[in-house]
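Residue numbers (mature numbering (1 follows the signal peptide of the UniProt record, and there is no 0)): -22 to -1, 1 to 354.
Reviewing the structure listed below.
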């Protein structure tokens, strides 16, 4: 029979106590001049194996951009309230109010960031910082809200194995000044990223899937008044961009400008491959399904019809809902020449038309003669 000595138990207890003690908690304080300083200090003090805690019923007023790097095994218990500064030209074209970089970050807590976006929209200025940018691996960001973003709400860059979930985003103008450029959630140059179980009301894309991505899943997102679940291929003509395995499942767009949307730029290069939109509800949507390789070309004079990204292996399945009062087609596929759009499968597209809805469009889609919706 094996025996464990008292000395051995003492050593084990000492090791466990040391491990527990190493899990430091840093409660975010305040700074009389700029709460950014207190926030950065808390992250620096707990950037490895620590918890950064924003207590409930407290508000922080940062006046500077916050960038924290080299986070490792960090919990962000964000239970409080952060109010971003109102419009100030010094923030124009800056990257993000909050930028988190690291490995194994877990953000939770039910807190709220108020962005003062209305002060930007009233200026007609959509060049403010994104609210939150994450460059992370093996991380989960969830259970928080962003209200009134000056620009995009969340951007994910150079990330891998990251989940965003249970997030509430709302940027809706209180007057005629539109909440421009307020993308809900965007991702670029990343792989194995999930955005799920969230609700967004925005003035731009419900999701903005940008170049350099592989294995991106968007599921159970309810979007109100946005510009759709979008894949955006290269506005930068200087380099090719690639999109591989992007999946949209069980999402809803209500009162949106667009529903399902793949948009690439004429003159650009790259690939969009293995894209799925399944079990989607599009209610009162102007452009229910749109694929174009001529995005933005009217503005920059690149409306040529010979070159863009190839768009292949696209599945649109079990999509239902209704069009708005606009006279746009339910299905609009407007591709470049030379077979750049191919291997499309459209099953169960059931969108109620209005009296002025135009005929569907399938320009330069290889195999369109086999797709029933292209003839409707």
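Even for Gly, the Cβ is constructed at its ideal location relative to N, Cα and C.
**Q.** Own chain, CB closer than 6 Å to residue 354, minus 5 neighbours either side, in chain order
**A.** Short of 6 Å from the beta carbon of residue 354, and not among the five residues preceding or following it, lie these beta carbons of its own chain, in chain order: 338.
Q.
Tell me the DSSP secondary structure of residue 56 in three-state form.
A. Looking at residue 56 - three-state DSSP - the assignment turns out to be strand.
Q: List the DSSP bridge partners of residue 337.
A: Looking at the DSSP assignment, residue 337 forms no beta bridge with any residue, so it has no partner.
Q) Looking at the structure shown, is residue 236 part of a helix, part of a strand, or coil, going by DSSP? A) Strand.
Q: Compute the beta-carbon to beta-carbon distance between residue 222 and residue 252, rounded to the nearest angstrom, for a pair I have assumed lies under 8 Å.
A: Between residue 252 and residue 222 the Cβ distance is about 6 Å, and since that is below 8 Å, they are a contact.
Q) Who are the near neighbours of residue 172 in its chain, counting only those whose CB is closer than 6 Å to its CB and skipping five residues on each side? A) Correct list, in chain order: 141 and 195.
Q | Separation of residue 349 from residue 166, as counted between CA atoms | A | So the alpha carbons of these two residues sit roughly 32 Å apart.
Q: Using a threshold of 9 Å, state whether the C-beta atoms of residue 111 and residue 132 are closer than that.
A: Against a cut-off of 9 Å, the Cβ pair of residue 132 and residue 111 comes out as a contact.
Q) What first and last residue would you give for the alpha helix (DSSP H) that runs through residue 13? A) For residue 13, the enclosing alpha helix (DSSP H) begins and ends at 13 to 23.
Q) Exposed or buried, which one is residue 71 when buried takes at least 16 other CB atoms within 10 Å? A) Here residue 71 is exposed, its C-beta having fewer than 16 other C-beta atoms within 10 Å.
Q.
Please state the DSSP three-state secondary structure of residue 123.
A. Correct three-state label for residue 123: strand.
Q.
Quick test of the definition: if touching needs 3 or more C-beta pairs under 8 Å, does the segment 242 to 250 touch the segment 286 to 294?
A. Yes, since at least three Cβ pairs between the segment 242 to 250 and the segment 286 to 294 fall closer than 8 Å, the two stretches touch.
Q) So residue 299 and residue 260 are in contact, right, with Cβ under 8 Å, and what is the actual spacing, rounded? A) Residue 260 and residue 299 do touch by the CB rule: their CB atoms are close to 4 Å apart, below 8 Å.
Q. In three-state terms, what does DSSP make of residue 348?
A. Helix, per DSSP.
Q | Per DSSP, cross-strand counterpart(s) of residue 265 | A | Bridge partners of residue 265: 236.
**Q.** residue 244 versus residue 272 - alpha carbon distance
**A.** Rounded to the nearest angstrom, the two C-alpha atoms are 5 Å apart.
Q) Pick from 237, 128 and 255: whose alpha carbon is nearest that of residue 265? A) The option with the nearest alpha carbon to residue 265 is 237.
(Q) Short of 7 Å in beta carbon distance, which residues of its chain neighbour residue 188, apart from the five on each side in sequence? Order them along the chain. (A) Counting only Cβ-Cβ distances below 7 Å, and skipping sequence neighbours, we find 164, 165, 166 and 210.
Q) Rounded to whole angstroms, how far is the Cβ of residue 55 from the Cβ of residue 106, which I believe are closer than 8 Å? A) Contact doesn't hold; Cβ gap of about 27 Å is too wide.
Q | Extent of the continuous beta strand (DSSP E) to which residue 3 belongs | A | 2 to 5 is the extent of the beta strand (DSSP E) around residue 3.
Q. From which residue to which residue does the beta strand (DSSP E) around residue 211 run?
A. Per DSSP, the unbroken beta strand (DSSP E) holding residue 211 starts and ends at 207 to 211.
Q: Sort 190, 4, 34 and 93 by Cα distance to residue 151 and report the nearest one.
A: Of the candidates 190, 4, 34 and 93, the residue whose Cα lies closest to the Cα of residue 151 is 93.
(Q) In whole angstroms, give me the CA-to-CA distance for residue 29 and residue 275. (A) Approximately 48 Å, taken between the alpha carbons.
(Q) Spatial neighbours of residue 65 within its chain, please: C-beta separation below 6 Å, excluding the five flanking residues on both sides. (A) Excluding sequence neighbours, residue 65 sits near 97, 98 and 101.
Q: Would you tell me roughly how many angstroms separate the C-alpha atoms of residue 40 and residue 77, rounded to the nearest one?
A: For residue 40 and residue 77, the distance between alpha carbons rounds to 13 Å.
Q.
Rounded to whole angstroms, what is the Cα-Cα separation between residue 179 and residue 119?
A. When rounded, the distance between both Cα atoms is 19 Å.
Q: Taking residue 299 as part of the alpha helix (DSSP H), name the residues at either end of that continuous run.
A: Run containing residue 299: none in the alpha helix (DSSP H); it sits in the beta strand (DSSP E), 288 to 301.
Q. Quick one: Cα of residue 406 to Cα of residue 8, how far?
A. For the chain, the structure presents residues -22 to 354; residue 406 sits outside this window and is missing.
Q: Under 6 Å Cβ to Cβ from residue 292, same chain only, skipping five residues before and after it: list those, please.
A: Annotation for residue 292: 253 and 322 place their beta carbon closer than 6 Å to its own, counting only its chain and skipping 5 residues before and after.
(Q) Can you find the residues in the same chain that come closer than 6 Å, C-beta to C-beta, to residue 169, ignoring five residues on each side of it along the sequence? (A) Only 138, 192 and 193 meet the Cβ criterion.
**Q.** Cα-Cα separation between residue 308 and residue 63, rounded to whole angstroms
**A.** Distance from the CA atom of residue 308 to the CA atom of residue 63, rounded to whole angstroms, is 42 Å.
Q. Under a Cβ-count criterion, where at least 16 other Cβ atoms within 10 Å of its own Cβ denotes burial, should residue 58 be classed as buried or exposed?
A. Under this definition residue 58 is a buried residue.
Q. How many angstroms separate the CA atom of residue 226 from the CA atom of residue 296?
A. Between residue 226 and residue 296, the C-alpha separation is close to 12 Å.
**Q.** Proximity below 9 Å, CB of residue 26 to CB of residue 51
**A.** In this structure, the beta-carbon distance from residue 26 to residue 51 falls below 9 Å.
(Q) Rounded to whole angstroms, what is the Cα-Cα separation between residue 345 and residue 262? (A) Rounded to the nearest whole angstrom, the C-alpha separation of residue 345 and residue 262 is 29 Å.
(Q) Helix, strand or coil, according to DSSP, for residue 38 in the structure here? (A) Reduced to three states, the DSSP call for residue 38 is strand.
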